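Notes follow the structure.
In our numbering, the protein residues as written are 4 to 528.
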């Protein structure tokens, strides 16, 4: 089989920090090559080199046996390389419409007809959207991308990349914001394109996704390749067979058995929710969160789990419900009230709702607690740096130091910074919405262990749509479906089959809701 992409001894440093150390691998035509690595292993830097965003310090890239250079992303695109980054906002312009984003390549193409035509733009946008089976109404096409959720933005970026008909498609955590249905649709499409001759490089932290898509997986640790793992075994359910214990040992330099933890039953009730109605048409329910226990709220996108967490935090209203914190009524009018009572929220989208671009790590962490680090109007920067540096060590953040700009950290380490922010406070309830998005298994274990260690006197509620994440960190799993609890089980009793059955209802996203109206109002009518 012909080799389409070959990477030879690629190295890259940023100042004294060696990020890539002689990375080499090859990808054969018509295959999907998996790349796995812990946060800070160098995956993002490698992807940016292959997509033209970074220039390597050494080594070479070969396409079809010919050495090439990518001085910029446009050069990579012209040579048939398309990249979908983990953060969908890196691939969209938030204040432009959905149609304009989908047609952006056409709008910036010098060979396209001059002038702007809304009709022509929307017609081309529909063609691009159909690449992923997206049915968009005129209302959605003319809406700013800013109004879409994270998953819908990711689908837009994917559709644009696939519309270029690339020879090599690089997918960096493409499913981190997608529902189960959207993930299946994406996998089916990628398999179809690969069967037609396209080649893909697939990066994920989810082992089940490697099983579904890849025959070969490379393991990256500390900027160097630790080995490749090949599967020749086909299972009846279309999965491949990998030696995961060996792969995980190469990835983390410790065996999976060394990463096991003990399930905790929890102590006294910290937060009691009663008569909760997330949606007007959902049945009321009650939920108690206990001290020292990690409760996972497991539900698909659109199930209402984000709405529930934001209501507890005082950031939104829902149809109804009562909150009692430490035996006293708790009715926060805004997030500031919640923070004063020790209720903290990690939001779903760290880039839009949690991170301040350009700020150093220590300032990101201490932001909610500036009074603790100030004397009058003067900030005690040395105290901020010490507190942040200690937390960075506790939670395993890979960075040069607390003064490092946040944008120099990998996506997973940025997520750790936001989690570490709230661990600096005296939490009574810690609400974590999709906290492990883009975070590898090792980091998930470390974050879970740190959360347990530092919140023994607090209750933790984690909202996720990922089954593996739930099973990894939970003491208790509460399955959520359309604003209601459908099962509440201790971790030891939560089997995969039972969880999947409880979560099987179809999710509702903006694109799903609009799809029902497409027949009545097609934009290309």
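All C-beta atoms, glycine included, are put in the ideal place defined by N, C-alpha and C.
Bear in mind the structure is a predicted one, so any value in this text is a computation, not a measurement.
Same chain, Cβ closer than 7 Å to residue 95, five either side skipped, listed in chain order
As a first step, residue 95 must be located in the chain shown, where it is residue number 92. So the list reads 104, 148, 156, 159 and 160, once near-sequence residues are dropped.
Who does residue 69 pair with in a DSSP beta bridge?
For the purposes of this step, residue 69 is taken as the residue at position 66 of the chain shown. DSSP output for residue 69 lists 66 as bridge partner(s).
Runs of beta strand (DSSP E) wholly within the segment 289-370 (minimum 3 residues, chain order)
297-301, 323-328 and 346-349
DSSP state of residue 437, grouped into three classes?
Translated into the one-based positions of the chain shown, residue 437 becomes position 434. Three-state DSSP puts residue 437 in coil, outside helix and strand.
Residue environment, residue 17, which counts as buried when at least 16 other CB atoms sit within 10 Å
The residue labelled residue 17 in the question sits at position 14 within the chain shown. It counts as exposed.
Going along the chain, which residues of its own chain have a beta-carbon closer than 8 Å to the beta-carbon of residue 409, five neighbours each way excluded?
To locate residue 409, count along the chain shown from 1; it is residue 406. Hits under 8 Å: 358, 359, 360, 361, 362, 363, 364, 367, 417 and 420.
Residue 15 beta carbon less than 8 Å from that of residue 23:
Walking along the chain shown from the start, residue 23 turns up at place 20. Walking along the chain shown from the start, residue 15 turns up at place 12. Taking 8 Å as the Cβ cut-off, residue 23 and residue 15 qualify as a contacting pair.
With a cut-off of 8 Å, do at least 3 Cβ pairs link the segment 294-305 to the segment 446-461?
yes
Length of the line joining the Cα atoms of residue 436 and residue 309
Position 433 of the chain shown holds residue 436. Position 306 of the chain shown holds residue 309. Rounded to the nearest angstrom, the two C-alpha atoms are 7 Å apart.
Buried or exposed (CB count within 10 angstroms, at least 16 for buried), residue 449
As a working note, residue 449 is residue 446 in the chain shown. By the neighbour-count rule (16 or more Cβ atoms within 10 Å), residue 449 is buried.
Suppose contacts are defined by Cβ-Cβ distances below 8 Å. Is residue 2 in contact with residue 10 by that definition?
Here the chain covers residues 4 to 528 and nothing more, so residue 2 does not appear.
Look at the alpha carbon of residue 222 and the alpha carbon of residue 13, and state the distance between them as a whole number of angstroms.
Here residue 222 refers to the residue found at position 219 when the chain shown is read from its first residue. Here residue 13 refers to the residue found at position 10 when the chain shown is read from its first residue. Going from the Cα of residue 222 to the Cα of residue 13 covers about 15 Å.
Straight-line CA distance for residue 528 to residue 329?
Within the chain shown, the letter at position 525 stands for residue 528. Within the chain shown, the letter at position 326 stands for residue 329. Low local confidence applies: a pLDDT of 38 at residue 528 is under 50, so the model's placement there is unreliable, and no value is given.
Distance between residue 287 and residue 3 (C-alpha atoms, nearest Å):
What is shown of the chain runs 4 to 528, which leaves residue 3 out entirely.
Just to confirm before moving on: does the CB-CB distance between residue 324 and residue 279 stay below 8 Å?
Within the chain shown, residue 324 is the residue found at index 321, counting from 1. Within the chain shown, residue 279 is the residue found at index 276, counting from 1. Yes; because the gap between Cβ atoms is below 8 Å, this pair is in contact.
Using only the alpha-carbon positions, how far apart do residue 39 and residue 336 sit?
Translated into positions along the chain shown, residue 39 becomes position 36. Translated into positions along the chain shown, residue 336 becomes position 333. Spanning the alpha carbons of residue 39 and residue 336 requires a straight line of approximately 43 Å.
Among residues of its own chain, excluding the 5 on either side of residue 311, which ones have a beta-carbon nearer than 6 Å to its beta-carbon?
Position 308 of the chain shown holds residue 311. 281.
Between residue 422 and residue 438, what straight-line distance do the alpha-carbon atoms span, to the nearest angstrom?
Residue numbering aside, residue 422 sits at position 419 when the chain shown is read from its first letter. Residue numbering aside, residue 438 sits at position 435 when the chain shown is read from its first letter. The alpha-carbon separation between residue 422 and residue 438 amounts to approximately 8 Å.
So what's residue 488 in DSSP terms, helix, strand or just coil?
Within the chain shown, the letter at position 485 stands for residue 488. Of the three classes helix, strand and coil, the one that applies to residue 488 here is strand, per DSSP.
Using a Cβ cut-off of 8 Å (strictly closer), state whether residue 128 contacts chain C.
Looking at the structure shown, chain C is missing, and only one protein chain is on hand.
My understanding is that residue 106 touches residue 145, with C-beta atoms under 8 Å, so please give their C-beta distance in whole angstroms.
Working through the chain shown from its first residue, we reach residue 106 at position 103. Working through the chain shown from its first residue, we reach residue 145 at position 142. Contact flag wrong, Cβ pair sits at about 12 Å.
Taking residue 35 as part of the alpha helix (DSSP H), name the residues at either end of that continuous run.
In the chain shown, the residue the question calls residue 35 occupies position 32. No alpha helix (DSSP H) holds residue 35; the beta strand (DSSP E) holding it covers 35-40.
Could you check how far apart the C-beta atoms of residue 371 and residue 428 are, in whole angstroms? I think they sit under 8 Å.
In the chain shown, counting from the first residue as 1, residue 371 sits at position 368. In the chain shown, counting from the first residue as 1, residue 428 sits at position 425. Rounded, the Cβ-Cβ distance is 7 Å, consistent with contact.
Use the C-beta contact count for residue 195: other C-beta atoms within 10 angstroms, 16 or more gives buried, fewer gives exposed.
Counted from its first residue, the chain shown places residue 195 at position 192. Residue 195 counts as exposed, since fewer than 16 other beta carbons sit within 10 angstroms of its beta carbon.
Identify whether residue 450 lies in helix, strand or coil by the three-state DSSP scheme.
In the chain shown, residue 450 corresponds to position 447, counting from 1. Helix at residue 450.
Pull up the distance between the alpha-carbon of residue 44 and that of residue 397, whole angstroms please.
Taking the chain shown and counting its residues from 1, one reaches residue 44 at position 41. Taking the chain shown and counting its residues from 1, one reaches residue 397 at position 394. Approximately 19 Å, taken between the alpha carbons.
Coil, strand or helix - residue 502 by DSSP:
As a working note, residue 502 is residue 499 in the chain shown. Of the three classes helix, strand and coil, the one that applies to residue 502 here is helix, per DSSP.
Looking at the secondary structure, which residues open and close the beta strand (DSSP E) in which residue 230 lies?
As a first step, residue 230 is located in the chain shown; it is residue number 227 there, counting from the start. Its beta strand (DSSP E) spans residues 227-233.
By DSSP, does residue 482 sit in helix, in strand, or in coil?
Stepping through the chain shown from its first residue, residue 482 is reached at position 479. Note: residue 482 maps to strand in three-state DSSP.
At 3 residues or longer, what runs of the beta strand (DSSP E) sit wholly inside the segment 158-223?
171-175 and 202-206
Comparing alpha-carbon positions, which option in 463, 355, 253 and 76 lies nearest residue 476?
Position 473 of the chain shown, counting from 1, holds the residue named residue 476. The residue with the shortest Cα to Cα distance from residue 476 is 463.
May I ask you to list the residues that DSSP assigns as paired with residue 20?
As a working note, residue 20 is residue 17 in the chain shown. Answer by DSSP bridge pairing, in chain order: 17.
Burial state of residue 376, where buried means 16 or more other Cβ atoms lie within 10 Å:
Start at 1 with the first residue of the chain shown, and residue 376 comes out as number 373. Label assigned to residue 376: buried.
C-beta atoms of residue 54 and residue 76 nearer than 8 Å:
One-based indexing of the chain shown puts residue 54 at position 51. One-based indexing of the chain shown puts residue 76 at position 73. Going by C-beta atoms, residue 54 is nearer than 8 Å to residue 76.
Hey, out of 247, 246, 291 and 250, whose CA is closest to residue 268's CA?
Position 265 of the chain shown holds residue 268. The shortest Cα separation from residue 268 among 247, 246, 291 and 250 belongs to 291.
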